[in-house]
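When you read off a place in the sequence shown, starting at 1, and then add 14, the result is the number in our numbering. All residues carry an ideal CB built from backbone N, CA and C; glycine is no exception. Because the structure is a prediction, the values reported are computed rather than measured. Data first, discussion second: the structure below is written as C-alpha cells.
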Amino acid sequence: MALFQHNNRGISYRMELAPFAHDLVLLQASRLNMDVWDPLVEWLQESPAAGGRILICDWADSQIGTEDLAKDLIRLLQTLALQSVRVVAMEDAVQLVQTAQRLAPDLFEKTLLFAKNPPKGADLEDEISEFCEL
Numbered sequence: 015m016a017l018f019q020h021n022n023r024g025i026s027y028r029m030e031l032a033p034f035a036h037d038l039v040l041l042q043a044s045r046l047n048m049d050v051w052d053p054l055v056e057w058l059q060e061s062p063a064a065g066g067r068i069l070i071c072d073w074a075d076s077q078i079g080t081e082d083l084a085k086d087l088i089r090l091l092q093t094l095a096l097q098s099v100r101v102v103a104m105e106d107a108v109q110l111v112q113t114a115q116r117l118a119p120d121l122f123e124k125t126l127l128f129a130k131n132p133p134k135g136a137d138l139e140d141e142i143s144e145f146c147e148l
C-alpha cells in the first residue's frame, strides 16, 4: 500500500497488474474499505498481465466536499500516469466519478457505475469481464 499526499490530505492506494491493456480504477462505497475488491483482484490476476494496472484507493473523507475529493482523485490518476482509464464505482463513489468526469472529461475512457445494489461475486466478475473486454 502507498500514500498519495495532496492538499494536506493523504490518500491510501494500491496498484496491481491487470490482464488488459488499459488502466482500471475501482472505487468502493465510502462505508467499505479497499479490501472489498480483493476477491475480484485475485480473480483478475489469474490471467497473465497485459500492461494495464488496477488502482484501488480509499477516496472518502467526510470533511471534504465531493468536488474537492474529485480534484484529489484526478490529481492521483494524473500523478500515477494512468492512461485509457476505466472506472468502476459503487454507491456514493458514483457521484465522485461523475464530478471527476465533469472536471476532467478526457481522463476517463469508460465508466461502470452502480449507484444502488452493486453486483457481488460471480455477477460482479461477469460485469467486469464485459466492461474490461476480457
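Taking 8 angstroms as the upper bound for CB-CB distance, Ile-25 and Asp-72 are in contact here, some 6 angstroms apart. In this structure, Phe-34 sits near Leu-148, with a CB-CB distance shorter than 8 angstroms. The C-alpha of Gln-59 is placed about 10 angstroms away from the C-alpha of Ile-68. DSSP lists Ile-68 as the beta-bridge partner residues of Glu-30. With contact defined as three or more Cβ pairs closer than 8 angstroms, the region 86 to 96 and the region 46 to 61 are not in contact.
Taking C-alpha positions only, Leu-138 is separated from Thr-125 by approximately 14 angstroms. One Cα belongs to Leu-17, the other to Glu-144, and the distance between them is close to 31 angstroms. DSSP places Ala-107 in no beta strand (DSSP E) but in the uninterrupted alpha helix (DSSP H) bounded by 107 to 117.
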